[in-house]
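Here is the structure we will look at.
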Amino acid sequence: MYKIIDTEKWNRKTQYEWFNSFSNPCYGIDIELDVTRIVQYSKASHTSFFINFLYLMMCSLNSIEEMRLRIVGNEVRLYDVIHPTYTVMTKLEVFDNCKNLMYDSYPNFYQACQKEVERAKNECSIQPGYNDEESYNVYYITCLPWLTYAGMTHPIPNGNKESCSVPRICFGRFEEKNKRYIMPFNLTVSHALVDGFPCSKALNTLKENCLRAEEFYIKN
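Taking the numbering used here as reference, the numbering of the sequence shown is continuous, increasing by one, and the terminal residue is 1441.
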């Protein structure tokens, strides 16, 4: 479900129209996340760090209204909820693009994501098409568990307003530093929809939630 934003009455009409005129209006920010609590919980519960982080991240980003805005055709839509799409390496050592629904319930989310990840890992062929061009109420998520990086950029199709409006996310390998586990994280958004303040708010919310990660798994 979504509601349509009246851009003529929108308080950021000027910014929207200016940046929406760019062939590529996207910008990205790289930060480091302290994921110690997620690592500890995952080890203690024998659960997947990937799924646990994905759930916490989805809860965090969905709490920021601007992260749920999308451009579809000539509309700006504010979706009620955004779902994850993410890459998983298959038996062929190529990546399959996966998707599951976002659930408020951690057990339901974990079960759905685990099922999709296992399906993709055992794929012997990749279906044509990469992202569903009819559905933009998603985040495009990728993971580099083999690499700790200082910065990264995403491939973004020039002139495709709908695709540009979907936030891109990448997280890399976590490493131990001063007895804490630190992980690189990139968030790339369209400036037509997301200014620096809400982008910072999304990243700070994620950072803060990582420091109290157990609450997200226990309460649900």
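Here a beta-carbon is modelled for each residue, glycine too, at the ideal position from N, C-alpha and C. From a predicted model like this one, the values you see are computed outputs, not experimental measurements.
Given a cut-off of 8 Å, decide if Thr-1426 and Ile-1252 are closer than it, judged by their beta-carbon atoms.
-> A distance of 8 Å or more separates the beta carbons of Ile-1252 and Thr-1426.
Name the one or two DSSP bridge partners that Ser-1281 has.
-> Paired residue(s): none; Ser-1281 is not in a bridge.
Name the DSSP bridge partner or partners of Asn-1407?
-> Per DSSP, the beta bridge partners of Asn-1407 are Asp-1251 and Cys-1391.
Going by alpha carbons, who is nearest to Ala-1434 out of Lys-1224, Val-1256 and Tyr-1237?
-> The shortest Cα separation from Ala-1434 among Lys-1224, Val-1256 and Tyr-1237 belongs to Val-1256.
Determine the contact status of Ala-1413 and Pro-1305, defining contact as a CB-CB distance below 8 Å.
-> No, the pair does not count as a contact, with Cβ atoms beyond the cut-off.
Are Phe-1225 and Glu-1337 close, meaning C-beta to C-beta below 8 Å?
-> For clarity, residue 1225 is Ile in the given sequence; the question names Phe instead. Judged by their CB atoms, Ile-1225 and Glu-1337 are not nearer to each other than the 8 Å cut-off.
Cβ neighbours of Ile-1303 in the same chain (closer than 8 Å, five flanking residues each side left out) | Cβ within range, chain order: Met-1279, Leu-1282, Asn-1283, Met-1288, Arg-1289, Met-1323, Asn-1358, Val-1359 and Tyr-1360.
In chain order, which beta strand (DSSP E) runs of at least 3 residues are fully inside the region 1270-1334?
-> Here the runs fully enclosed are 1290-1293, 1296-1300, 1304-1310 and 1316-1320.
To the nearest angstrom, how far is it from the Cα of Arg-1298 to the Cα of Lys-1230?
-> In this structure, the straight-line span from the alpha carbon of Arg-1298 to that of Lys-1230 is close to 14 Å.
Might you give, ordered along the chain, the residues of its own chain that have their beta carbon closer than 6 Å to the beta carbon of Gln-1332, omitting 5 neighbours on each side?
-> Closer than 6 Å at Cβ, skipping near neighbours: no residue.
Buried or exposed: which applies to Asp-1227, given that a residue is buried once 16 or more other Cβ atoms fall within 10 Å of its Cβ?
-> Around the beta carbon of Asp-1227, fewer than 16 other beta carbons lie within 10 angstroms, which makes this residue exposed.
Look at Leu-1277 and Asn-1407 and say whether their C-beta atoms are less than 8 Å apart.
-> No, Cβ-Cβ distance for Leu-1277 and Asn-1407 is not below 8 Å.
Name the DSSP bridge partner or partners of Thr-1374?
-> None; Thr-1374 has no bridge partner.
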